[in-house]
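Quick notes on the structure that follows.
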Amino acid sequence: MAQINLRQMAVNQQGVIAAIKADGELGRRIRDMGLVPGTEFSVRGRAPLKDPVALRIMGFTLSLRNNEADHIEVEVKE
Amino acid sequence: MSHTIALAGNPNSGKTTLFNTLTGARQHVGNYPGVTVEKKTGIYKSDGHDFHLVDLPGTYSMTAYSMEEVIARDFIATEKPAVVVDIVDAANLERNLYLTLQIIEMGVQVCIALNMIDVAKSRGVRIDADRLSELLGVPVVPTVARSGKGKKQLMAAAAEIAEKPSKTKSPGIFYGDDIDAALSEMTPLIEQAGLLTEHYPAHWVALKYLEADEQIVSAGDSIHPALSARLKQVADRVANHLRATCDTHPEALIADQRFGFIKAIIRQGVIEIDDGQNRLHLSDKIDKVLLNRLAGPLIMIGILLLLYHVTFAFSDPVIVWLESAFAGLRGIADAHMAQGLLKSLVISGMIDGVGGVLGFVPIIMFMFFGITILEDSGYLTRVAFMLDRVFRVFGLHGSSVMAFIVSGGIAGGCAVPGVMATRTLKSPKERLATLLTVPFMNCGAKLPVFAMLISAFFAYNKAWMMFVITLISWGGALLIAKLLRITVIRGAPTPFIMELPPYRMPTVQGVLIHTWERTWQYVRKAGTIILAISILLWAMMTFPHLPAERAGQFETAREQIIAQAAPETARELRSAGNGDELSASALALRQQVNAIDAEKARAALKYSMAGRIGTGLESVSHLAGFDWRTNIALVGGFAAKEVIVSTLGTAYSMGTVEAENAGGLSRQLAESPVWRPLTAFSLILFVMFYSPCFVSVVCIAREAGSWKWGAFAMAFNTVLAFILAVSVYQAGTLLGF
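First to last, the sequence lines map onto chains A and B. Under the numbering used here, the first residue of the first sequence is numbered 1, with each subsequent residue one higher. Under the numbering used here, the first residue of the second sequence is numbered 1, with each subsequent residue one higher.
Right under this line is the structure:
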């Protein structure tokens with residue numbers, strides 16, 4: 001297992017949230033949508049201009065911007 | 001007694017569909033006091049139950065960050081509904097239960113509607129509702145809102161707990177030793193002092209202090225400063241401890257523990273997933289095409305063009321019909337009323353005013369019809385997803401595109417429905433910036449002005465000029481949005497974190513109710529103000545009247561001409577109907593008479609309030625190349641931009657000039673010594689950017705929730721347009737254009 005940043009993940013790659021580095025409103029919104037440590041997810045795709053990114057988490061699809069993804073650390077299988 | 005039942009739930013959980021099924025047509029839309037969030041209420045009557053239903057805004061959580069969350073939370077706490085029905089998307093149980101836990105923690109009677117149970121089943125997810133009910137300690141009723149399945153059972157369950165409220169126990173979430181210790185230290189203090197306990201349980205208030213919830217903490221500060229300080233001290237101590245020991249903070253830990261609690265519940269036999277059915281959902285298949293790097297944007301352009309077409313092409317025949325109906329009404333008034341002020345007021349002030357209000361109704365209706373389908377189907381969030389990268393640069397949101405296009409991003413739209421289309425935007429700052437800049441688009445009423453000026457001065461390349469104008473308005477709108485976002489609407493972008501809901505077929509009932517509500521709101525709320533202002537503008541263009549002596553001069557001149565003509569020619573003209581063929585001499589006489597009438601209309605206009613404003617402004621406006629005639633036309637353009645052409649016609653003594661048929665005016669301007677291409681270009685710029693028409697201003701004020709923003713749009717846009725026009729005119733003059 002290696003720990004990387006969510007922005008660096010490739011499409012279709014799977015991972016587990018390791019840590020959320022954001023606080024304040026952004027942190028709260030991230031957590032409210034279920035992105036908390038231990039949650040499994042996969043990268044579904046990216047918008048035509050590579051940003052935002054779409055994730056599949058707990059059976060639904062979530063989109064967030066790359067600069068918001070920067071605050072999320074992920075563990076991925078090598 | 002009729003109980004109040006509040007419907008709460010995540011966005012896209014089918015909450016509004018359930019509300020529609022329960023209430024049918026017995027519903028009412030208003031606004032929460034002081035904010036623009038819609039408040040939907042309705043009545044449910046069946047099986048001897050009689051409930052007052054309130055559809056709370058959809059939220060993912062109960063923090064105090066978004067307006068929707070604050071409203072939902074305040075409603076539950078202060079209005080104390082007998083039951084909160086929490087609509088939970090069964091196919092998305094984990095995330096939805098996060099809100100459920102927070103509602104239960106507020107100490108209210110909760111009943112869960114396990115909605116879209118059919119979708120969950122089709123995905124191979126089986127949920128044991130009884131087991132879930134047992135673990136959470138609240139009733140759980142499976143429902144399918146679209147078909148109405150389970151709604152009777154749901155209301156029966158709600159009725160039961162409304163009649164016999166049980167003491168709701170806290171779900172007993174274990175928040176970890178540090179937090180739990182702090183909670184048991186704080187809760188008795190809060191209870192003793194009764195801090196906010198008339199609305200919230202003490203345990204919940206303590207939790208909010210730990211989460212550093214701005215709303216609760218500041219309420220505590222003002223009610224009981226000493227206790228509040230002590231509570232904050234405890235919260236700080238826990239925060240420092242958590243930062244030092246586990247590099248986290250209470251708020252994050254509380255969220256983690258809630259999700260942990262949910263995972264634990266779900267694992268206790270609540271959910272059963274058919275692993276063999278790990279198939280691609282239909283939505284994913286659709287997204288493979290609609291979000292494809294190449295096909296996605298092309299299809300999006302096609303769909304947006306289609307929306308535009310539906311809005312304006314479909315509403316066109318209805319508008320034509322309305323216009324002819326109002327023309328008929330005008331004819332009746334004309335035939336049956338005595339000549340004079342009252343007649344002018346009824347025709348030009350009232351009939352035209354009401355006609356002006358209703359003229360927008362078909363456009364608004366068809367636009368919301370189209371947008372509701374896009375919104376309810378889930379496509380609108382995909383548009384935002386694809387375009388966010390572009391619009392974010394200017395401090396806007398991917399969803400802003402709809403409003404821009406409807407307003408005239410494709411030349412010929414209308415800012416009124418455009419401003420109303422910003423309702424689909426959930427981020428407050430981005431929304432405000434969008435609704436203040438959409439009036440810069442080239443709406444259908446500005447086009448005749450541009451067309452008239454282009455054919456007078458840039459006839460050699462009409463299409464190219466139109467293209468340049470479209471580019472200028474888009475570029476201008478986006479840059480001004482950026483300017484607003486770094487000045488008056490400054491602030492970090494609202495997080496984009498957004499659900500891309502599965503595609504769904506919109507329900508007919510939902511689309512119709514929504515379209516009707518929006519249209520009716522426009523007529524009811526904006527309509528009355530618009531009518532009042534149109535009467536005011538009529539008065540400005542009419543009063544004061546020409547002094548009797550000057551009006552008499554025109555009458556005398558008119559009579560003289562007729563008297564000088566051969567008697568049979570005068571008789572022929574007097575007896576002639578509108579469509580009758582006239583002899584050459586009678587035709588010549590009529591032209592002379594019309595010329596005098598036009599001269600009189602010009603004099604009356606110049607003498608009126610609007611005319612005086614126009615003349616008074618000449619000393620400033622000449623910097624941009626505008627004389628008093630243009631000024632009056634621009635004052636009139638505040639009523640509606642198409643009035644600019646007809647007012648210019650009157651000011652140039654041309655009698656009645658139709659906006660669509662202004663060839664004569666165009667030739668007159670081209671020959672006038674005051675006008676040159678630079679003047680025309682300066683005017684085009686000014687018309688593009690100056691104050692929105694007052695119908696748009698009223699809508700901006702409504703949508704922004706304050707007249708302050710309506711006034712801002714008028715003042716800021718006009719100053720900006722003037723600076724642009726002056727710069728271009730002066731620079732152009734220096735360069736010898």
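Using N, Cα and C, we set each Cβ at its ideal position, and we do this for glycine too.
V110/B classed as buried or exposed, judged by whether at least 16 other C-beta atoms fall within 10 angstroms: Label assigned to V110/B: buried.
Contact set between R243/B and chain A, taken where Cβ atoms lie within less than 7 Å: Here the premise fails: no neighbours, minimum Cβ distance about 11 Å.
Test: L735/B CB closer than 9 Å to a CB of chain A: no
Spatially closest choice to Y522/B from T718/B, L358/B, R258/B and R126/B, by CA coordinates: L358/B
Between the CA atoms of G356/B and I254/B - distance to the nearest angstrom: 55 Å
Cα-Cα separation, G552/B to D597/B: 12 Å
Nearest-angstrom Cβ-Cβ length linking G58/B and N10/B, presumed shorter than 8 Å: 6 Å
Below-9 Å beta-carbon distance, S283/B vs any chain A residue: yes
DSSP state of H224/B mapped onto helix, strand, coil: coil
E272/B in three-state terms, based on DSSP: strand
Boundaries of the alpha helix (DSSP H) in which A159/B is found, first to last residue: Per DSSP, A159/B is one residue of the alpha helix (DSSP H) stretching across K151 to E163.
Beta-carbon proximity of I303/B to V393/B, cut-off 9 Å: no
At least 3 beta-carbon pairs within less than 8 Å: the segment 8-22 of chain B vs the segment 61-71 of chain A: no
Terminal residues of the alpha helix (DSSP H) in which V205/B lies: A202 to L210
V125/B vs A90/B beta-carbon contact at 9 Å: yes
Boundaries (first-last residue) of the beta strand (DSSP E) holding F51/B: H49 to D55
Positions along the segment 49-66 of chain B whose CB lies within less than 7 Å of some CB in chain A: Y60, S61, T63 and Y65
Proximal residues to R524/B (C-beta, below 7 Å), its chain only, five neighbours per side dropped: none
From L546/B, P547/B, R389/B and V593/B, residue whose alpha carbon lies closest to that of T569/B: Selected option, being the one with the closest Cα: V593/B.
Sequence-distant residues of its chain with Cβ nearer than 8 Å to I561/B (five each side left out): So the qualifying residues of the chain are L589, Q592, V593 and I596.
Beta-bridge partners of I347/B, as assigned by DSSP: Per DSSP, none; premise fails for I347/B.
Paired residues, beta bridge with Q14/A - DSSP: DSSP output for Q14/A lists S42/A as bridge partner(s).
Candidates S218/B, H309/B, R550/B and V354/B, of which the one nearest G412/B by Cα: Among S218/B, H309/B, R550/B and V354/B, the Cα nearest to that of G412/B belongs to H309/B.
Local Cβ density within 10 Å of Q268/B, reported as buried at 16 or more and exposed below that: Note on Q268/B: under 16 other CB atoms within 10 angstroms of its CB, so exposed under the neighbour-count rule.
F496/B: contacting residues in chain A (beta-carbon distance under 8 Å): P52, S63, L64, R65 and E68
Assigned exposure category for A325/B - 16 Cβ within 10 Å defines buried: Counting Cβ neighbours within 10 Å, A325/B comes out exposed, since fewer than 16 surround it.
Interface residues of chain B facing L26/A [CB-CB closer than 7 Å]: P495
9 Å Cβ cutoff met for I684/B and V449/B: yes
Candidates E549/B, L114/B and E94/B: closest to K151/B by CA position: It is L114/B whose Cα lies nearest to the Cα of K151/B.
Nonlocal neighbours in the same chain, by C-beta distance under 7 Å from S682/B, ignoring five residues either side: If you ignore the 5 residues before and after S682/B, its C-beta comes within less than 7 Å of the C-beta of A624, G625, A725, V728 and Y729, all in its own chain and listed in chain order.
Proximity winner among L183/B, L432/B and W538/B, relative to A704/B (alpha-carbon distances): L432/B
Segment contact flag, the segment 454-471 of chain B with the segment 10-30 of chain A, C-beta cutoff 8 Å, min 3 pairs: no
CB contact check: T424/B to chain A, cutoff 9 Å: The Cβ of T424/B sits no closer than 9 Å to any Cβ of chain A.
Contact test: C699/B Cβ vs the ligand SAH heavy atom, cutoff 8 Å: Looking at this structure, you won't find the ligand SAH or any other ligand, since it has none at all.
Integer Cβ distance of V438/B from S407/B, believed to fall under 8 Å: Between V438/B and S407/B the beta-carbon gap is near 4 Å, inside 8 Å, which marks them as a contact.
Residue span of the beta strand (DSSP E) that contains N12/B, given as start and end: No beta strand (DSSP E) holds N12/B; DSSP gives it neither H nor E.
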